[in-house]
Structures are given as structure tokens and as C-alpha cells.
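In what follows, a structure is listed as C-alpha cells, so that the remarks can point back to it.
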Amino acid sequence: MILVTGGAGFIGSNFVLDWLARGSEPLVNLDKLTYAGNPGNLAAVENDPRLVFVQGDIADRALVTQLLRDHQPRAVVNFAAESHVDRSIDGPGAFIQTNVVGTFHLLEEVRRYWQGLAEPERGRFRFLHVSTDEVYGSLGREDPAFAETTAYAPNSPYSASKAASDHLIRAWHHTYGLPTLTSNCSNNYGPRQFPEKLIPLMIHNALQGKALPVYGDGANVRDWVYVEDHCDAIGAILARGRPGETYNIGGNAEKTNLQVVHALCDLLAELRPGTDYRALITFVTDRPGHDLRYAIDGAKIARELGWQPRESFASGLRKTVQWYLANQSWVNSVTSGEYQQWVDRNYATRAVA
Ligand code: NAD
Ligand code: DAU
């Protein structure tokens, strides 16, 4: 069996659903259920006997020890994190606590557990840390894409906290021999993404006839990967990745933010006609320290693990918009309460540019 952390969030829940759909191996999901974690994300499998859900913190060493002892996992996949850049600018403390301190406590307990294993379990054990391309910093428009050898240069509290956690993973492998794997992925999109992130926020606002707040001039570039492709890549790294290595994961889909928002408006105009969605686009004050461009060189994972993204941006975005249109009750369930306070805090101070 495997232990997954953060499996009630966006990518983690897609991974859990995919894992249980594909095979028979059981899974324990440790999730703190922050504002971003939602048990409803796993409603489809809540009665599946192969899934054990435990609400708790990766920094709770007694709990982590008990879970490792009771379930004897062959691998740990660490999704748990604070994940939103704007929130990290608003309040970096939680990012340091979970992404750095939490990862440290988790690593230490996993190391003790792994050191107590006998062969062959000890040699086969894996700790996969799910990280981000943001650790590499920002690219110029013509720069070559991020490779695994690109120097770390994080620019936001979020990316600095993820970079710190990546360094811990590296050191625990180098010093203690813990069989770690690190994945650095680009921007994900797809079902169940919390509507604080660009794509679901724009869909949510557009359907309510609200302004679509584009930071700065909308020319910042991200490489978009459909979440199922990311989960598939994680499966490949877990199965065939070399301990101590890092693997970049991308979607071969570099887009400016304005291109993304235009594509969303056009899809909504087709699927939910009656509103001039493009007229809702509003340019607002930029994100402080806003990284200009991220791009992924996916040659290593293609060469070593034979992995490539399957979904095109056009087909993935269509599936995503269709999912949100069909799951408005999910959106309503996650946009009450705390969400509104966040939206007020983040956007009220952003003057229209
Ligand atoms: P998310 O914010 O949607 O979900 C995070 C999950 O972690 C939530 O379920 C939350 O309850 C849980 N969590 C938070 N703190 C915890 C703690 N201390 N202990 C246990 N659980 C805790 O995030 P996401 O977008 O699904 O991202 C998952 C991982 O993938 C993160 O590590 C993130 O850095 C990384 N990542 C995200 C993207 C992206 O585009 N979203 C891209 C690359 C990498
Ligand atoms: O690159 C991987 C990273 O992608 C992950 O590690 C992060 O967890 C994930 O949140 C994401 O970070 P970004 O900052 O790129 O994602 P976000 O959806 O917040 O923003 C995407 C782009 O859209 C970015 O250039 C900022 C812009 N933006 C965002 C919001 C929320 C806007 O223009 N308006 C907005 O309202």
C-alpha cells in the first residue's frame, strides 16, 4: 500500500481517484483539510475499502509514525502543501510551516521507518516529493526552458518554501540514502481545482457575470499541463524513477495569461451562450514579483521513463470547462465562507490598471 499526503486537494484527489481506478493497491490519505482540502473531492470513493482517510498534519510526528507503523507503506507521495502564490504573499507563515517544517517532520519520520525496514522492502521503498517548476524562478521570453540542471532561483514566498523542501529531500537522500524522488511540474488545470487559481477563478467569475481580473498586461507565460497527465507522470516516476533524481513535468502548452482567458471566454460563449465574456476582462494591479515566464524541458522524463503529456491544451480546457459547468454544486460548496474573505482581500486592493 502507499501513503499519500494532501490527497483531498486538487492534484492529490485526482491522483487518488486515478490510483484506485487503475489498480488494486490500497492507499492511506493523510490530509489536514485546510481551506483547500475537501473530502467531497473523494466522494466517489468514500466507501471504497482500499482507501483509508486520516485527517491530520504532516508535521504531527506521532500521527505520521503511527500511520507508518500501522499500514507499512511501500511508498509515500507527498502532495501536502500550501499552494497559492498570492496567499503566500499575503501571509507567508503557513507556507514555511507546512512546506518547510512539515516536510522536515514527515521526512524524519519516514527516514526512521525506512531505516527499520528489512530487505527487500528497504531497497524498494520510495519517497516521492511533488514539487513545482516555480523553484527555478523566471525565464525571459527567449530563454531556453527549465531543465533539471537549471539553478534554483525562487522568487515568491511559495516558491522559496517549495525550493527549501526540495533541498531537504535532496539532502536526506545524499546524507541518509533515503530513496527519494522529486517531480517539478508546471501549472496544472482540470477538475476540482480550487477557484482561487487562474482557470477556475475565471470560469467562476465569468458564469456570475463578474470581472475577469488579469494581472498586469496579461503577457506572463505559463506552461499548462492537464492534471490527469501530471498524475500519470507521478505514477511513472514512482514506478521507474531513479532514487535521488528529479524529473521535470510539463504540458507542451506555453500560453500567455491573456491567451488562456480568451480561450476560456470563447469556450463559455459556445457552451453557455448569452454573455459577452471577453467584455468582462479587466486588467488589474500586477502580482508583486510576478514571474514572467515558466517553460519545461521535458526531455529527461521522456528519455528515461518514456513519459509524455497526452492531453492538448484545447481538449483539456474543454474538458475542464465542461466539468465546472456540470459541477456547480461543488463550486458552490467551496466558495462559501472563507473563500469570499480571500477574494475580498486579494482583489479589493487591486486597482483597475
Ligand atoms: P491544493 O492547495 O489544492 O491542495 C493541498 C492539499 O494539502 C489540501 O488538501 C490541504 O488540505 C492539504 N494540506 C495542506 N497543508 C497540510 C498539512 N500540513 N498536512 C496535511 N495536509 C495538508 O494544492 P494542489 O494544487 O493540489 O498541489 C498539490 C501539490 O502539488 C503541492 O505540493 C504543490 O506545490 C504541487 N504543485 C502544484 C501545481 C499546480 O499547478 N497546482 C503544480 C506543480 C506542483
Ligand atoms: O507553475 C506551477 C505552479 O502553478 C504551482 O506550483 C502553484 O501551486 C500553482 O498555484 C501555479 O502557480 P501560478 O502562480 O502560476 O498560478 P495561478 O493560477 O495563481 O496564476 C497563473 C497566472 O495567472 C499567473 O501569471 C498569475 C495570473 N493570474 C492569477 C490570478 C489568480 C491573474 O492574472 N489573475 C488572477 O486572478
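Following my numbering, the residues of the sequence shown are numbered contiguously, the last one being 514.
Where a beta carbon is used, it is the ideal one built from N, C-alpha and C, also for glycine.
Beta strand (DSSP E) segment containing residue i, residue limits
i, result
"H290", "R287 to T293"
"D458", "Per DSSP, D458 belongs to no beta strand (DSSP E) and is neither H nor E."
"Y408", "T407 to I410"
"V213", "L212 to Q216"
"A380", "Careful: A380 lies outside any beta strand (DSSP E) and carries neither H nor E."
"A236", "A236 to N239"
"S174", "Looking at the DSSP string, S174 is not in any beta strand (DSSP E); the run it does join, the alpha helix (DSSP H), is F171 to R183."
Option in the options with minimal Cα separation from residue i
i, options, result
"P318", "S326, T311 and A312", "S326"
"H245", "R479, S320 and R285", "S320"
"V513", "G450, D378 and D427", "D378"
"L300", "N316, R511 and N202", "N316"
"I457", "T443, H451 and E415", "E415"
"F171", "V225, V445 and E357", "E357"
"G254", "S322, A463 and S494", "S322"
"L368", "Y500, G173, F474 and A487", "A487"
"N208", "Q227, L453, P187 and L228", "P187"
"I410", "V189, L191 and D294", "D294"
"R506", "D247, L228, A223 and D452", "D247"
"F240", "R283, L191 and V495", "L191"
"F307", "N199, G412, L441 and W275", "G412"
"D452", "K480, A169 and Y376", "Y376"
"A205", "A430, H334 and S174", "S174"
"K480", "L429, F444, R464 and S494", "L429"
"D384", "G405, I219 and G459", "G459"
"R401", "A324, E282, R287 and F355", "R287"
"T417", "A314, R403 and R454", "R454"
Beta-carbon separation (whole angstroms), residue i vs residue j, contact threshold 8 Å
i, j, result
"L129", "A236", "Examination of residue 129 is not possible in this model, given that the chain is present from 162 through 514 alone."
"G351", "E389", "7 Å"
"V386", "N348", "7 Å"
"Y329", "F265", "The sequence as given places Leu at residue 329; Tyr does not occur at that position. Contact holds; Cβ gap of about 6 Å."
"V238", "V291", "7 Å"
"A397", "L466", "5 Å"
"L194", "V177", "Actually they are not in contact, since the Cβ atoms of L194 and V177 sit about 14 Å apart, beyond 8 Å."
"V482", "L419", "V482 to L419, Cβ: 17 Å. No contact."
Range covered by the alpha helix (DSSP H) that runs through residue i
i, result
"Q227", "R222 to H232"
"V388", "V388 to R401"
"I360", "L359 to L368"
"L478", "F474 to A487"
Handout entry: Cβ contact check for the stretch 174-192 and the stretch 209-226: 3 or more pairs under 8 Å
Key = yes
Practice task
Take every Cβ of the stretch 298-312, pair it with every Cβ of the stretch 252-259, and state whether three or more of those distances are shorter than 8 Å.
Solution key: no
Handout entry: Three or more C-beta pairs below 8 Å linking the stretch 414-432 and the stretch 361-369
Key = yes
Exercise for the section: Say whether the stretch 430-441 touches the stretch 493-500, bearing in mind that this needs 3 or more beta-carbon pairs closer than 8 Å, one atom from each stretch. Expected result: no
Exercise for the section: Let me know the beta strand (DSSP E) ranges lying completely inside the stretch 243-320, each 3 residues or longer, listed in chain order. Expected result: 287-293
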